[in-house]
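What follows is a single structure, written as structure tokens, with notes after it.
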Amino acid sequence: MTEQSSTTWPWPDLPPGPFGTPSHELSRRHAEAPLEHTTMPSGDQVPMIVRYEDVRTVLTSPASSRNLRAPGLPRMVSGTALEDDPAALINQDPPEHTRYRRIMQGTFTPRHIERWRPRAAAIANELIDAAGEEFDVVTDFALPLPARVICEMLGVPMDRFEQFRGWTEMFLSTSQASAEARGAGFAAFMAYARELITAHRARPGDDLIDLLIDARDEGDRLSEDELTHMVFTLIMAGHETTASMIIRGTFRLLHHSDQYAMLVARPELLEPAVEEILRCEGPGGNGLLRRVTEDLDLSDGTIPAGTVVLPNPTGANHDPSAFEDPLRFDIQRFAGSPAPNPHLAFGHGTHYCLGANLARMELQEAFRALATRLPGLHAQEDLATVRWSDDGLIYRPLRLLVKGG
Numbered sequence: 193m194t195e196q197s198s199t200t201w202p203w204p205d206l207p208p209g210p211f212g213t214p215s216h217e218l219s220r221r222h223a224e225a226p227l228e229h230t231t232m233p234s235g236d237q238v239p240m241i242v243r244y245e246d247v248r249t250v251l252t253s254p255a256s257s258r259n260l261r262a263p264g265l266p267r268m269v270s271g272t273a274l275e276d277d278p279a280a281l282i283n284q285d286p287p288e289h290t291r292y293r294r295i296m297q298g299t300f301t302p303r304h305i306e307r308w309r310p311r312a313a314a315i316a317n318e319l320i321d322a323a324g325e326e327f328d329v330v331t332d333f334a335l336p337l338p339a340r341v342i343c344e345m346l347g348v349p350m351d352r353f354e355q356f357r358g359w360t361e362m363f364l365s366t367s368q369a370s371a372e373a374r375g376a377g378f379a380a381f382m383a384y385a386r387e388l389i390t391a392h393r394a395r396p397g398d399d400l401i402d403l404l405i406d407a408r409d410e411g412d413r414l415s416e417d418e419l420t421h422m423v424f425t426l427i428m429a430g431h432e433t434t435a436s437m438i439i440r441g442t443f444r445l446l447h448h449s450d451q452y453a454m455l456v457a458r459p460e461l462l463e464p465a466v467e468e469i470l471r472c473e474g475p476g477g478n479g480l481l482r483r484v485t486e487d488l489d490l491s492d493g494t495i496p497a498g499t500v501v502l503p504n505p506t507g508a509n510h511d512p513s514a515f516e517d518p519l520r521f522d523i524q525r526f527a528g529s530p531a532p533n534p535h536l537a538f539g540h541g542t543h544y545c546l547g548a549n550l551a552r553m554e555l556q557e558a559f560r561a562l563a564t565r566l567p568g569l570h571a572q573e574d575l576a577t578v579r580w581s582d583d584g585l586i587y588r589p590l591r592l593l594v595k596g597g
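Add 192 to a position in the sequence shown, counting from 1, and you land on the number used in the working numbering.
This is the structure:
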């Protein structure tokens, strides 16, 4: 079992299962209480939506808003949080959100992302070369891989990485950081994003910031504030969330060594393996809040207008009505099927993750490198004793010692 202190685990009614699996509580909720309240890290309680079709309904409904800034509404964490920023893409509703996405829709296409695949593959192999025979997947591979990729894509000097990683951890943490500390961190992060944009305007190139500066839709372009918030979002989301999926995916493959051996022997399983990792492990947290603006009918009742709810993608991805034997980790689950794995790790509807193509590419290259270069990879410690994070919105192992082979 993963050990969690009852005083620090931020979701008191959703204790994690063994080996980082979803809370056993989800099975009861799927069957009996799909709209039951949950207590969030802030202490506020909201209905948590866990059934697959219900989560999709909430995520796609025009009555589902990300505007959570009215006084007195439930909050995910205490103090300043991402929900407080009205200019952030993740907090916008149509028509502002529609315009924002329309301008940027060509920037994150598979064609643009594929340009970076060779570099991501090269970085993954460089990290394995540097790691040696025994290493920590977390610090030596999973964290630096997406960090280096996003830094190169954005033209960010790697010597600034630890600084913006510190800012990111503050916003993804459930710790009781003061409002002043969170506010100061946000201001510093945004100031740095503005510096990057100014530098790219002075010396144009062809990296991702340049594409964002040039992005337009029939003459409509992103404002300076929108550009700044987009760069902020990319830096924040472009390394920690992907790193967590690499860490959790590696842990799951090591825990199911037969699956890792299968991936080594059958490289054609790489893409379905990544999708199954995303289904089982993504997004590593319990989702983002939504405010229902009109009465919304779900499978077990009606959510009244004005209610703040938590559509839980982990619950959806482990719903037995959507996935047969959902707790089973099986990289062949959708292999050879004409239908894609319908997981909700990247969300659904209007706010479907803009960086999904980038995350998929990085995950594919991370696990390709591990399976190709380290076919005998195995854990150097009892996986039952691995310590997992207990103060963040993303749940992952803190250390994962392995030996190649």
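In this text, a Cβ means the ideal position worked out from N, Cα and C, and glycines have one as well.
| Check | Outcome |
| --- | --- |
| Who are the near neighbours of Gln-572 in its chain, counting only those whose CB is closer than 8 Å to its CB and skipping five residues on each side? | Glu-326, Leu-593, Val-594 and Lys-595 |
| On a Cα-Cα basis, can you pick out the residue from Ala-322, Pro-207 and Pro-336 that is closest to Thr-434? | Pro-336 |
| Give me, in chain order, the residues of the same chain whose beta-carbon lies closer than 6 Å to that of Ile-389; leave out the 5 immediate sequence neighbours on both sides. | Leu-419 |
| Among Tyr-587, Asp-574, Phe-526 and Pro-503, which one has its Cα closest to the Cα of Ser-256? | Pro-503 |
| For the alpha helix (DSSP H) that Arg-352 lies in, which residues bound it at each end? | Counting along the chain, Arg-352 falls outside any alpha helix (DSSP H), and DSSP gives it neither H nor E. |
| Check whether the segment 459 to 479 and the segment 435 to 451 are in contact - that is, three or more C-beta pairs closer than 8 Å. | yes |
| Rounded to the nearest angstrom, what separates Gln-196 and Asp-582 at their Cα positions? | Annotation note: pLDDT 42 at Gln-196 (below 50); position unreliable, no value reported. |
| Mind listing, in chain order, the continuous beta strand (DSSP E) runs of no fewer than 3 residues lying wholly within the segment 200 to 248? | 229 to 231 and 237 to 241 |
| Residues in its own chain within less than 7 Å of Phe-378 by CB, not counting five upstream and five downstream? | Thr-272 |
| Mark Thr-301 as exposed unless 16 or more other C-beta atoms lie within 10 angstroms of its C-beta, in which case mark it buried. | exposed |
| If I measure Cβ to Cβ from His-431 and keep anything under 6 Å in the same chain, skipping five residues before and after, which residues do I get? | Pro-338, Ala-339 and Ile-342 |
| Name the two residues that bound the continuous alpha helix (DSSP H) containing Pro-133. | Because the chain in this structure spans residues 193 to 597, residue 133 falls outside the shown range and cannot be described. |
| Can you name the start and end residues of the alpha helix (DSSP H) that Val-578 belongs to? | Unbroken run through Val-578: none, as it is neither H nor E. |
| So the candidates are Met-268, Ser-270 and Arg-261; which of them puts its Cα closest to the Cα of Asn-283? | Arg-261 |
| Is Arg-560 buried or exposed, if buried means 16 or more other CB atoms sit within 10 Å of its CB? | buried |
| I need the DSSP call for Asp-412, collapsed to helix, strand or coil. | strand |
| Output the distance between the C-alpha atoms of Tyr-587 and Trp-580, rounded to the nearest integer angstrom. | 7 Å |
| Between Thr-199 and Gly-324, what straight-line distance do the alpha-carbon atoms span, to the nearest angstrom? | Here the model assigns Thr-199 a pLDDT of 44, short of 50, so the residue's position is not dependable and the matter cannot be decided. |
| In or out: Gln-451 buried (at least 16 other Cβ within 10 Å) or exposed? | buried |
| Who does Thr-494 pair with in a DSSP beta bridge? | Asp-489 |
| Pull up the distance between the alpha-carbon of Pro-287 and that of Leu-403, whole angstroms please. | 23 Å |
| Going by DSSP, name the residue or residues bridged to Leu-593. | Asp-328 |
| Leu-519 and Thr-230 look like a contact to me (Cβ under 8 Å); what is the Cβ gap, rounded to whole Å? | That belief does not hold up - the Cβ atoms of Leu-519 and Thr-230 are roughly 20 Å apart, past 8 Å. |
| From the DSSP secondary-structure annotation, give me the bridge partner or partners of Ser-256. | Val-484 |
| From Ser-449 to Arg-408, what does the alpha carbon distance come to, in whole angstroms? | 47 Å |
| Output needed for Thr-506: all residues of its chain with C-beta closer than 7 Å, excluding positions within five of it in sequence on either side, in chain order. | Pro-214 and Asn-478 |
| Nearest-angstrom Cα distance between Thr-252 and Gly-541? | 5 Å |
| Taking Cβ to Cβ, would you say Pro-226 is nearer than 8 Å to Ser-491? | yes |
| Quick check: what's the CA-CA separation for Ile-405 versus His-392? | 9 Å |
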